[in-house]
Ligand code: SF4
Ligand code: SF4
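Numbering (our numbering), first residue to last: 1 to 430.
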């Protein structure tokens, strides 16, 4: 695709990257069939190809910025189009440039700016978010339905078993990302991750990390996202310099995809590029770590299989929702369903597993109607009739699906920790 950059962008490294991405697009339209927003709205401008054209127009200085803003806002950043694209178009990076360009050259209406500002300010400050979350839970009935639905308490707030069976130490050290909103919405997820890995003999540590930066990036604050990333890079960089073989484990796939992109985020920053890439290289989704342990330490896999075999059939019949950030963002399609099946879990079949549940970071608040429609589709597609639990890999998806599902919705690591601990709630939920 021929592209004539504006004079102002001709020497801009990020704009040149965006131009190169667009050149890969051959306009075949295959991505339209797997784009959730095109599926719902049926408008080319709300499809990946349409959005690529609109970003091209911005690079050439010929775009109606208000219109482009509307169509890029409706994009879920699910990157389903990347998985489908036969030409390898890196749509996610292109979208990032498009949104950053808009934030610098287009002024949103005051109400929109305020909403995004409040979301960013509250969600990235765990202490403030915790206070507001608890207060909002008390007055839930008085809140608009969009917000009230988000306030469903986590299915499990803690384990009921204090000391799970512990195995011999294994040669693996990890630092578990603590993140921001997850620790308020569902504190058991981090605890279960650390308990389970510790029980399997992994050396588990934490550092004073913080928000990965995804929320700032989704709310027009690229500079804020970089500042949060820089802080994490410093904290984990220090840790990795002392423990060079250690891994940084993420149990929220929405954060994990952001952490794995730190190298990309700082690639034009000479001072930070190497340390950012070093951190990104050490990041693993928790499913990658569990798979590594199951493969290299048969004692863990065998013990786990025995515990799952002992469960009643109905208790181990579960649905799994694979977040877009895991399957399309981190390119780990099948990682969790594969390992759950390997250890004997029975997974309910689902329709359209590639489609987003409508959570998508702050999307369920900024685009409530579209989000609701996608959620309804997802609940129908998951086939929840006989399942004991719905499992997933990202706090946003867990909260979104829990707002409409009639069975407990958990992180799959919480469920596995409960199986390992022989927590009675696993057996009783059937
Ligand atoms: S599938 Fe890829 S090459 Fe085809 S239109 Fe979509 S982005 Fe372009
Ligand atoms: S990221 Fe998702 S919503 Fe956005 S264009 Fe691609 S498939 Fe469509």
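We put the beta carbon where it would ideally sit given N, CA and C, even for glycine.
Span of the beta strand (DSSP E), counted from its first residue to its last, around residue 174
Annotation: the continuous beta strand (DSSP E) that includes residue 174 extends over 173–176.
Express the C-alpha separation of residue 392 and residue 139 in angstroms, rounding to a whole number.
Using only the alpha carbons, I get a separation of about 28 Å.
CB contact flag (residue 89, residue 21, <8 Å)
For the pair residue 89 and residue 21, the CB atoms are nearer than the 8 Å cut-off.
Excluding the five sequence neighbours on either side, which residues of its own chain have a C-beta within less than 7 Å of the C-beta of residue 330, listed in chain order?
Around residue 330: 253, 256, 257, 260 and 285.
Contact check, residue 229 vs residue 172, beta carbons under 8 Å:
With contacts defined by Cβ atoms closer than 8 Å, residue 229 and residue 172 do not form a contacting pair.
Whole angstroms are fine: how far does the CA of residue 290 sit from the CA of residue 406?
Pairing residue 406 with residue 290, the inter-Cα distance amounts to about 29 Å.
For ligand 1, any of its heavy atoms closer than 7 Å to the Cβ of residue 492?
There is no way to answer for residue 492, as the model of the chain reaches only from 1 to 430.
I'd like to know if the segment 84–99 and the segment 120–133 are in contact, where contact means that at least 3 CB-CB pairs between them fall below 8 Å.
Output reads no: the segment 120–133 does not touch the segment 84–99.
Any heavy atom of ligand 2 nearer than 6 Å to the CB - residues listed
Qualifying residues come out as 35, 36, 37, 48, 51, 75, 76, 77, 78, 79, 80, 81 and 91.
Residues in the same chain with beta-carbon distance under 7 Å from residue 235, minus the five sequence neighbours each way, listed in chain order, please.
Taken in chain order, the residues that qualify are 207, 208 and 209.
beta-carbon residue 27 near ligand 1 non-hydrogen atom, thresh 7 Å:
At least one heavy atom of ligand 1 is nearer than 7 Å to the Cβ of residue 27, so yes.
Using a Cβ-Cβ cut-off of 8 Å (strictly less than) and excluding sequence neighbours within five positions of residue 311, which residues of its own chain qualify?
Excluding sequence neighbours, residue 311 sits near 419, 426 and 427.
Option in 416, 34, 18 and 15 with minimal Cα separation from residue 324:
Closest option to residue 324, judged by alpha-carbon separation, among 416, 34, 18 and 15: 34.
Residue 87: beta carbon under 7 Å from a heavy atom of ligand 1?
Because some heavy atom of ligand 1 lies under 7 Å away, the Cβ of residue 87 counts as near it: yes.
Between residue 195 and the rest of its own chain, which residues show a CB-CB distance below 6 Å, the 5 nearest in sequence each way excluded?
Spatial neighbours of residue 195 in its own chain (CB-CB distance under 6 Å, excluding positions within 5 residues in sequence) are listed in chain order as 417.
DSSP has residue 321 in a bridge; who is on the other side?
DSSP, once it has assigned bridges, lists 392 as partnering residue 321.
Whose CA, out of 278, 189, 92 and 149, lies closest to the CA of residue 410?
Nearest option by C-alpha distance: 189.
Looking at residue 184: is its Cβ nearer than 8 Å to the Cβ of residue 133?
Contact: yes.
For residue 129, which residues of its own chain have a beta-carbon under 8 Å away from its beta-carbon, when the five flanking residues on both sides are left out?
If we look at residue 129 and ignore the five residues flanking it on each side, its Cβ neighbours are 122, 123, 180, 181 and 184.
What residue does the beta strand (DSSP E) around residue 32 start on, and which one ends it?
Here residue 32 belongs to no beta strand (DSSP E), and DSSP marks it neither H nor E.
Verify whether the separation of the beta carbon atoms of residue 167 and residue 142 is less than 8 Å.
Against a cut-off of 8 Å, the Cβ pair of residue 142 and residue 167 comes out as no contact.
Expressed to the nearest angstrom, what Euclidean distance is found between the alpha-carbon atoms of residue 429 and residue 101?
Going from the Cα of residue 429 to the Cα of residue 101 covers about 49 Å.
Identity of the residues DSSP links to residue 283 by a beta bridge
Its beta-bridge partners are 248.
Could you spell out the range, first to last residue, of the beta strand (DSSP E) harbouring residue 204?
203–205 is the extent of the beta strand (DSSP E) around residue 204.
Is the segment 345–359 touching the segment 379–395 in the sense that three or more CB pairs, one from each, lie closer than 8 Å?
Yes: the two stretches touch, three or more of their Cβ pairs being nearer than 8 Å.
Contact check, residue 320 vs residue 335 under 8 Å by CB: the rounded distance?
Your pair residue 320 and residue 335 does not check out as a contact, with CB atoms roughly 11 Å apart and the cut at 8 Å.
Should residue 413 go down as buried or exposed, given a rule of 16 or more other Cβ atoms within 10 Å for buried?
Counting of Cβ neighbours within 10 angstroms places residue 413 among the buried residues, the total reaching 16 or more.
Mind checking whether residue 306 and residue 275 have CB atoms under 8 Å apart?
Contact flag unset, no.
Nearest CA to the CA of residue 137: which residue from 144, 71 and 151?
Among 144, 71 and 151, the Cα nearest to that of residue 137 is on 151.
What do you reckon, are the CB atoms on residue 97 and residue 14 nearer than 8 Å?
Yes, Cβ-Cβ distance for residue 97 and residue 14 is below 8 Å.
State the Cα-Cα distance for the pair residue 212 and residue 401, rounded to the nearest angstrom.
In this structure, the CA atom of residue 212 is about 23 Å from the CA atom of residue 401.
On the DSSP bridge list, what partners appear for residue 132?
Looking at the DSSP assignment, residue 132 forms no beta bridge with any residue, so it has no partner.
Chain-order list of residues whose beta-carbon lies under 6 Å from that of residue 301 (same chain, five-residue window excluded):
Closer than 6 Å at Cβ, skipping near neighbours: 294.
Thinking residue 397 and residue 371 are a contact (beta carbons under 8 Å), I'd like their distance in whole angstroms, please.
Not quite, the Cβ-Cβ distance comes to about 12 Å (not below 8 Å), so this is no contact.
Nearest neighbour of residue 349, chosen from 387, 12 and 91 [CA to CA]:
Selected option, being the one with the closest Cα: 387.
Could you please give the first and the last residue of the uninterrupted alpha helix (DSSP H) stretch that includes residue 409?
For residue 409, there is no enclosing alpha helix (DSSP H); the enclosing beta strand (DSSP E) has its first and last residue at 409–411.
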